[in-house]
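Notes follow the structure.
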Amino acid sequence: MSASSAFNDEKGGSSSVGEPEYGHDPASGGIFSSDYKRHDDLKEMLDSNKDSLKLEAMKRIVAMIARGKNASDLFPAVVKNVACKNIEVKKLVYVYLVRYAEEQQDLALLSISTFQRGLKDPNQLIRASALRVLSSIRVTIIVPIMMLAIKEAASDMSPYVRKTAAHAIPKLYSLDPEQKDQLIEVIEKLLADKTTLVAGSVVMAFEEVCPERIDLIHKNYRKLCNLLIDVEEWGQVVIINMLTRYARTQFLNPNMNESLLEEGNDKTFYGSDEDEDEEEEEKDKKAEATMAKRKPYVMDPDHRLLLRNTKPLLQSRNAAVVMAVAQLYFHLAPKVEVGVIAKALVRLLRSHSEVQYVVLQNVATMTIKRRGMFEPYLKSFYIRSTDPTQIKVLKLEVLTNLANETNISTILREFQQTYIKSMDKDFVAATIQAIGRCATNIGEVRDTCLNGLVQLLSNRDELVVAESVVVIKKLLQMQPEKHSDIIKHMAKLTDNIQVPMARASILWLIGEYCEHVPKIAPDVLRKMAKSFTNEEDIVKLQIINLAAKLYLTNSKQTKLLTQYVLNLAKYDQNYDIRDRARFIRQLIVPTEKSGALSKYAKKLFLALKPAPVLESPFKDRDHFQLGSLSHLLNAKAGGYQELPDWPEAAPDPSVRNVEVPEWTKCSSREKRKEKKVEKPFYSDSEGESGPTESADSESDSASGSEIGSGIEESGSGSESEESEEGSESEEEEEEEEEKDKKKTKKELKKPVQESESEQSSEEEERKHKRKSKQRKSDSESESDEDEESESESSQSESEDSESEAEVKKKKKAAESKPPSKPVKKESKKEKKEMSLLDLDDFEPAPSPQVTPVNTFLSSSLVTDLEGLSLSDAVLSPATISPSSALKSYELLHRIRGEGLSVEYCFSRQPFSPDGNMVAVQMQFTNNATSETKNLHMEDVKLQSGMRVKEFPEIELLPAGETATAVMGIDFCDSTQAANFQLCSHIRKFFVSIQPPVGELMRPVFLTENEFKKEQGQLMGMNEITEKLTLDAKCRNEHAIVQRVTTAANLSRVPCGSDRECRFAGRTVTSGSLVLATVATKEEGDAQLTVNCEKMVIGTMLVKDILLALTQ
């Protein structure tokens, strides 16, 4: 039988409804043979050479798994196809492996090399599936491999793969908790991710691995608040719950001035109004005095940001999201704002009964402290006949909590006319208890409720009568002297009521208040003595108690009866009753042997007992976080995180400040244009927010920092200032910009190298003038285009085209970076430029993170170089890669550094002490009026494998002077930041240097043949190809070379074709070869190919070069 015919037969047999899948005749023994045969067919199909058969087999296997059938015996046949080239088959194979990898660990381990290759697959789904399978193999021996895979996936270009990495973190942590520190590093990295796909998953990993590390959330708090609306639903639930705990530790209680008053209100609700009036008056006075001492509460802008961004989610279609927002508002919002959640929760009561149950549990807790917010929706909690019992009981609980003097008549009418007549006996019993609670809580209706319950004593249903007796007993304890007629009426019921609890309650009442019914009590004891042997244990105990109390108060009539009852109890089968009888006999019947305790028998038995307080079972549940499993069970569940108490004093809000890098900002003029056209996506008219919230919806701006506030004040300007300035200010700015355009451009383009002096800059200008006749239009349009594209990229922060180095710089909260401008002190012209510098600190130029140095020179230099006809032997890397293509970064802003500003650049020169280190040239400028001493590095924090060669200490830097130093950093071929403290004689500053991927390599010279040979060896997984459309100003060879060499430290490789540009380099640490090819086609189309042994570097480099060529 062929594989295809076997498949068709199988398909026909299994698809017919009602027929057994194992065969048509179970009695024939086919129940076994057919099962094996079917799996043989599947194995045969999986072994075939046709992808279509493999695909059909995998579809059937996955369908079997979905129906709950065991397909584990097919594991060897399936795992062989993990290397299949057909992507559809490969996806299904990974689905199967995720299900069975844990069960078949040995076989899965044999294929681990295949999974590792899958981690480098060009398809993001395959990479993610491979990581998912790898993390499903629960064997400690592969923990290092899993850790490496998670770290690589956390840096993947695809957000889906990064999301899968976040999912793998808790799996690895449960397998080996010792990896916690390394996993926290990965979580910290992923928390800085700006994609909504990753946010929910990484917060879940944070909650599982290190929920106590609140410090990881500080810098990402505002970003999470702003991303929340776009995260998937289950991610929203996790983030909201985490932010609730975070806010309880970082913000002050918005209801702090009302908490004292609330305590008094609680007591009046549950306590008696008469006894505690004086105490309450005293407490009110104390509360007022305390409130007078306290400062008026001002809400933190970040607290307001959280409340404002979660409010729209009350309209979510997902009940869990609505519940999460409701609990957040209940635990965090001011009392006056909590009411908004009531309508959303009432809407959820139209959902399934399971959802209703959870929602009502939480509403019942809320109504105890905030009953006012649900009072308008009272009728929404009325019970329907179709409701399950547990829903009815919870609605009853809510109605009872909502009862007050104004609505009690409506609620009692609903109870007595409808609910008492229900066929559901448990519900009827709960209703009678609810009536009792209403009577306890509201003194005005106590008599009405008692009369209603007494009427129920004549009900035909014994359960109703029994429950009424129990509740009446509790109510009578409050005022027994007024209701002796009710006690008499209940004594008559002992002949009819058979429910043990009800009989016991009547006997307790008669015994406790026997002085109110002196004639009836002995007769009740007589009747009970007759039936003593047939009663339940709980009733027997109350008969003994009644006999003892009557013996002490009316011994003439009841002495013999008491002795009779005690003799019966002495030989009872239940040891509790026997023990009670012996104890009471010794206590009430004094003998020579009895001790001194018998003198106090009356005080023991007839002591005044306090009336029971009928409280809601939900009274103290709000110490659990609402919406949690622990709250539902009213017991601490495993993994539950306690809700922290509010802090007494507000923690430092500046920990959440993230200084926005300069390349994310644009000039004030551009901002004004934007404001007229664009508005934040989620606009909000609330005027309560601070300066932080008034920024756009992705603002991570530092509201508390001097830099942030300065930028907002003088850089972007407020809308009121714009309206005052009007069109005149704009016209003046245009004129000034035109006048100063040349000066500022020249200043912006100056290099930050010690060796470049005024003389060299003059030579560069002469060179530029010589070449300008040929290149004027090209160079100007290129520089203008650069500036335009840079300002555009700064406006869209979250675009995928952003380079990874830029993304990481923003994640690490680097300071805002003005372009490098050497300060000179000689002529009036320079003095004027100094004032411009001051303005530029607050009005950043529209350049993204880096400032190209000497754009004009580099383009002309490339022209010169390309014009030379050089043979292969003469070419050298130093000649090919233009040294002028340096980019300057700011390490320390002069405001943050209190006058000290530090800039650095990657000099692209070999670092002489150690060839495996990247040379970083640093320029220190002392803008302060006093000198700075002893500039050096301390407390260097590096990722594993990285090394730093510190720069020599600068002993003295006079005011207004500049000094240069060079340090070396071995980045281990990664873009991880090197963190350290920059120290002077008085201050320490935390700074970090993070390299773009293009600076992790050095140029290498290759001939055309060598390039082709090396490229041939780096095919397949090590080759990344991307199609692109070149920018209009970047469609000639010179512009392409200039932009590629600016983005990466590569050298030009000679090429015989006019349509190809080739570049080569090696990574500084490992010496891995990096080859890049840009092949141009017609109409600006091009193809970029990067070949590199290190996949991560290759991927990041492609992204950077793409960005350079398309802008």
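84 is the number of the first residue of the sequence shown in the working numbering; add one for each residue after it. Glycine included, C-beta positions come from ideal geometry on N, C-alpha and C.
By alpha-carbon positions, which one of Asp264, Ser257 and Arg245 ends up nearest to Ser284? Sequence index remark: in the sequence shown, residue 284 carries index 201 (1-based). Of the listed residues, the one whose Cα sits closest to Ser284 is Arg245.
Does DSSP classify Arg245 as helix, strand or coil? For this step, residue 245 is matched to residue 162 along the sequence shown. Of the three classes helix, strand and coil, the one that applies to Arg245 here is helix, per DSSP.
For Val600, count neighbouring Cβ atoms within 10 angstroms of its own Cβ and tell me buried if that reaches 16, exposed if not. Numbered from 1 along the sequence shown, position 517 holds the residue referred to as residue 600. Val600 should be labelled buried.
In the structure shown, what three-state DSSP assignment does Gly1148 receive? Position 1065 of the sequence shown, counted from the start, is the residue given in the question as residue 1148. Under the three-state reduction of DSSP, Gly1148 is assigned to strand.
Gly1081 and Ala1002: beta carbons closer than 8 Å? Your numbering for residue 1081 matches position 998 in the sequence shown. Your numbering for residue 1002 matches position 919 in the sequence shown. No. Outside cutoff.
Kindly indicate the opening and closing residues of the alpha helix (DSSP H) around Ser1075. Residue mapping note: residue 1075 aligns to position 992 of the sequence shown, counting from 1. No alpha helix (DSSP H) holds Ser1075; the beta strand (DSSP E) holding it covers Lys1071 to Ile1076.
From which residue to which residue does the beta strand (DSSP E) around Val1003 run? Position 920 of the sequence shown, counting from 1, holds the residue named residue 1003. The continuous beta strand (DSSP E) containing Val1003 extends over residues Val1001 to Asn1009.
In three-state DSSP terms, what is Tyr502? The count along the sequence shown starts at 1 and reaches residue 502 at position 419. Residue state, collapsed to three classes: helix.
Decide yes or no for the touch test of the region 1091-1106 against the region 1060-1067: beta carbon pairs closer than 8 Å, at least 3 of them. No, the region 1091-1106 does not touch the region 1060-1067.
For the region 532-605, list the alpha helix (DSSP H) runs that are entirely contained and at least 4 residues long, ordered along the chain. Taking only runs of at least 4 residues, the alpha helix (DSSP H) segments lying wholly in the region 532-605 are 545-559, 567-575 and 583-595.
Below 8 Å on the Cβ atoms is my guess for Thr645 versus Cys597; work out the distance and round it to an integer in Å. Here residue 645 corresponds to residue number 562 of the sequence shown, with the count starting at 1. Here residue 597 corresponds to residue number 514 of the sequence shown, with the count starting at 1. Rounded, the Cβ-Cβ distance is 13 Å, inconsistent with contact.
Please determine, among Ile1037, Thr1045, Pro993 and Lys1016, the residue with the shortest C-alpha to C-alpha distance to Gln1006. As a working mapping, residue 1006 is identified with position 923 in the sequence shown. Taking only the C-alpha atoms, the option nearest Gln1006 is Thr1045.
Between the alpha carbons of Asn1010 and Val320, how many angstroms are there, rounded? As a first step, residue 1010 must be located in the sequence shown, where it is residue number 927. As a first step, residue 320 must be located in the sequence shown, where it is residue number 237. Approximately 49 Å between the Cα atoms of the pair.
Ignore the nearest five residues each way along the sequence and tell me which others in Val165's own chain have a CB closer than 8 Å to its CB. In the sequence shown, counting from the first residue as 1, residue 165 sits at position 82. Contacts found: Lys173, Val176, Tyr177, Leu180, Ser194, Thr197, Phe198 and Gly201.
For Leu637: DSSP bridge partner residues: Taking the first residue of the sequence shown as position 1, residue 637 is located at position 554. First, the amino acid is wrong: residue 637 is Asn here, not Leu. Bridge partners of Asn637: none, in fact.
Can you name the start and end residues of the beta strand (DSSP E) that Val446 belongs to? In the sequence shown, counting from the first residue as 1, residue 446 sits at position 363. Where Val446 is concerned, there is no enclosing beta strand (DSSP E), although the alpha helix (DSSP H) it sits in stretches over Ser436 to Lys452.
Within this structure, are the beta carbons of Ala549 and Ala513 separated by less than 8 Å? Looking up residue 549 in the sequence shown gives position 466. Looking up residue 513 in the sequence shown gives position 430. In this structure, Ala513 does not lie closer than 8 Å to Ala549 by Cβ.
CB contact flag (Pro253, Leu280, <8 Å): As a position in the sequence shown, residue 253 is number 170, starting the count at 1. As a position in the sequence shown, residue 280 is number 197, starting the count at 1. Result no, Cβ atoms of Pro253 and Leu280 do not sit closer than 8 Å.
Other residues of its chain near Ala1048: CB distance less than 6 Å, five sequence neighbours each side excluded: The count along the sequence shown starts at 1 and reaches residue 1048 at position 965. Result list for Ala1048: Met1005 and Phe1034, in chain order.
For Met456 and Asp735, the rounded distance between their alpha carbons: Residue 735 sits at position 652 when you count from the first residue of the sequence shown. Residue 456 sits at position 373 when you count from the first residue of the sequence shown. So the alpha carbons of these two residues sit roughly 33 Å apart.
From the DSSP output, which residues share a beta bridge with Thr1112? As a first step, residue 1112 must be located in the sequence shown, where it is residue number 1029. Asp1168, per the DSSP bridge assignment.
Indicate the three-state DSSP secondary structure (helix, strand or coil) for Glu290 in the structure shown. As a working note, residue 290 is residue 207 in the sequence shown. Correct three-state label for Glu290: helix.
Since Ile503 and Val547 are thought to touch, with beta carbons under 8 Å apart, how far apart are those beta carbons, to the nearest angstrom? Within the sequence shown, numbered from 1, the residue matching residue 503 stands at position 420. Within the sequence shown, numbered from 1, the residue matching residue 547 stands at position 464. Rounded to the nearest angstrom, the Cβ distance from Ile503 to Val547 is 7 Å, consistent with a contact under 8 Å.
For Leu1243, does the three-state DSSP call read helix, strand or coil? The requested residue 1243 is not part of the displayed model; the chain covers only 84 to 1194.
Could you check if Ala684 is buried or exposed, using at least 16 other CB atoms within 10 Å of its CB as the buried criterion? As a position in the sequence shown, residue 684 is number 601, starting the count at 1. Ala684 is buried by the Cβ-count criterion.
Considering only the alpha carbon of each residue, which of Arg1118, Cys521, Val552 and Asn490 lies closest to Glu698? Numbered from its first residue, the sequence shown carries residue 698 at position 615. Nearest of Arg1118, Cys521, Val552 and Asn490 to Glu698, Cα basis: Cys521.
Taking all protein chains shown into account, do 16 or more other C-beta atoms lie within 10 angstroms of the C-beta of Lys1186, making it buried, or fewer, making it exposed? In the sequence shown, counting from the first residue as 1, residue 1186 sits at position 1103. Lys1186 should be labelled buried.
Indicate the three-state DSSP secondary structure (helix, strand or coil) for Leu712 in the structure shown. As a first step, residue 712 must be located in the sequence shown, where it is residue number 629. Reduced to three states, the DSSP call for Leu712 is helix.
Residues of its chain near Asp1114, where Cβ-Cβ distance is below 7 Å and the 5 sequence neighbours each way are ignored: For the purposes of this step, residue 1114 is identified with residue 1031 of the sequence shown, where counting begins at 1. Closer than 7 Å at Cβ, skipping near neighbours: Glu868, Leu1192, Thr1193 and Gln1194.
According to DSSP, which residues form a beta bridge with Cys1175? Residue mapping note: residue 1175 aligns to position 1092 of the sequence shown, counting from 1. Paired residues: Val1157.
Measuring CA to CA, which of Leu1083, Leu1039, Leu1040 and Glu1036 is closest to Cys1055? For the purposes of this step, residue 1055 is taken as the residue at position 972 of the sequence shown. Closest option to Cys1055, judged by alpha-carbon separation, among Leu1083, Leu1039, Leu1040 and Glu1036: Leu1083.
Tell me, please, which residues DSSP counts as bridged to Gly1051. As a position in the sequence shown, residue 1051 is number 968, starting the count at 1. Per DSSP, Ala1002 and Lys1032.
Just the Cα atoms here: how many angstroms apart are Lys613 and Gly710? Taking the first residue of the sequence shown as 1, we reach residue 613 at position 530. Taking the first residue of the sequence shown as 1, we reach residue 710 at position 627. The straight-line gap from Cα to Cα measures roughly 54 Å.
Once the 5 residues before and after Ala517 are set aside, which same chain residues still bring their CB inside 6 Å of it? Translated into the one-based positions of the sequence shown, residue 517 becomes position 434. Leu479 and Thr483, listed in sequence order.
Of the listed residues Gly594, Cys293, Ala140 and Phe615, nearest to Ser257 (C-alpha basis): As a position in the sequence shown, residue 257 is number 174, starting the count at 1. Ser257 has its Cα closest to that of Cys293, out of Gly594, Cys293, Ala140 and Phe615.
From the DSSP output, in three-state form, read off Phe1201 for me. In the structure displayed, the chain extends from 84 to 1194; residue 1201 sits before or after that span and is not available.
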